[in-house]
Amino acid sequence: ALGSIFSFPVTAAALHKLGSRGASLLSGGLLAIALVGFGWVPTWTLACAVMGLYGVVASTMDVAMNAQGVEVERATGVPVMSRLHAAFSLGTMAGAFFAFCVTYFSTPVLPHFVVAALIVLAAVLLPRAGLIADAQPIDGGTRTFALPRGAALLIGAMAFLGMIAEGSMVDWSTLYLKERVGASQHAATLGIVSLQGAMLVARWFGDAARVRWGARKLLFGGSLLAGASLAAALLIGGIVPALVAFGLFGIGVATVSPCVYAAGAREGGVALAAVMTLGSLGFLVGPLAIGAVAQATNLSWGMAVVAAAAVALALLSRRVHWD
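Using the numbering used here, read the sequence shown as starting at 962 and increasing by one per residue.
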């Protein structure tokens, strides 16, 4: 996560010199190399260095892919960003299943990461002919960092809040079900399944929803749904209300990242990189903040902070010019 936060200069330079197409291909190749590195590093220090490299190239690839998605929307006139993020959610679930298989069959570490690297290379190289060149050169090649301004600042704040909400739910939902609801280990894993499964479905249909209602209404209603459903589950208690709430939360926040990153890309390449940096920061500090609140009180109050972040996200969405 720290590598992602400090990746801004590399990301901005790569987008400026290579465009979103070239930056996607280069960062994808470097990502595969970093994955192989995880399998052979002999010391903790080298492992930290490889993780830092991984954070930088993964963040660059995230920004480049989102910028490429905006170019596809511009070229075709068809909204696709939410479906691209649905593919990301599907990849997350597939990666989790792959990791489960590795641990279940006690596969050695190096073959695990080599296979993962080959999958990444295939995902990068096979569709390369379909990637398109940027309609306009991406600015910002000489900047080391730039805080977003004006509309981009509001968009960055939404990315920060959205990733606080999403990251915290991913990290803490299972533990909440175990500690506060009393679910068994197996039942507690259903929390992340409910959350990610709902996000996958909602993102797949998110583009049509954005066309029908517009990003402002979609994000306002979705964020309110996420905050209200989680707050209700915290008040009611029980595993069934919690699982239902996690699913509704996933539906509510599913289109935040696609809409926010698409809006950031329309402000320029540097703005998109800065917005995604703020999102990475939210993904890092959100779970830590929830843990601090839970340590001082209990995990229910920590999860209440997530609900509050979703409500704040809804209010902020009304101030952004989306379309």
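C-beta atoms are modelled at their ideal positions from N, C-alpha and C, and glycine is treated no differently.
- Per DSSP, the continuous alpha helix (DSSP H) segment holding residue 1032 begins and ends at 1005-1037.
- Between the region 1079-1088 and the region 1176-1196, the count of C-beta pairs closer than 8 angstroms stays below three; the two stretches do not touch.
- In its chain, beyond the 5 residues on either side, 1011, 1074 have a beta carbon closer than 7 angstroms to the beta carbon of residue 999.
- Put simply, the backbone Cα of residue 1219 is about 12 angstroms away from that of residue 1166.
- Looking at 1034, 1020, 986, 1151, the one whose alpha-carbon comes closest to that of residue 971 is 1020.
- Under the three-state reduction of DSSP, residue 1095 is assigned to coil, being neither helix nor strand.
- DSSP places residue 1040 outside any alpha helix (DSSP H), giving it a letter other than H or E.
- Nearest in C-alpha terms to residue 1092, of all of 1031, 1228, 1215, is 1031.
- Per the C-alpha coordinates, the member of 1141, 1175, 1135 positioned closest to residue 1156 is 1135.
- Taking all protein chains shown into account, residue 1115 has 16 or more neighbouring C-beta atoms within 10 Å of its C-beta and is therefore buried.
- Judged by DSSP in its simplified three-state form, residue 1282 adopts coil rather than helix or strand.
- Remark: C-beta atoms of residue 1212 and residue 1268 do not approach each other more closely than 8 angstroms.
- The region 1231-1249 makes contact with the region 1119-1138, as at least three CB pairs between them are under 8 angstroms.
- Annotation: the continuous alpha helix (DSSP H) that includes residue 978 extends over 969-1001.
- From the listed residues 1253, 1227, 1233, 1274, the smallest Cα separation to residue 1034 is found for 1227.
- The C-alpha of residue 1065 lies about 42 angstroms from the C-alpha of residue 1039.
- Here residue 995 is near residue 1018, since their CB atoms are less than 8 angstroms apart.
- Under the DSSP assignment, residue 1141 falls outside any alpha helix (DSSP H); it carries neither an H nor an E label.
- Residues 1121, 1124, 1125 of the same chain have their beta carbon placed closer than 6 angstroms to that of residue 1243, with the five preceding and five following residues left out of the count.
- Residue state for residue 1066 is assigned as coil, using DSSP reduced to three classes.
- Rounded to the nearest whole angstrom, the CA to CA distance from residue 1217 to residue 1180 is 6 angstroms.
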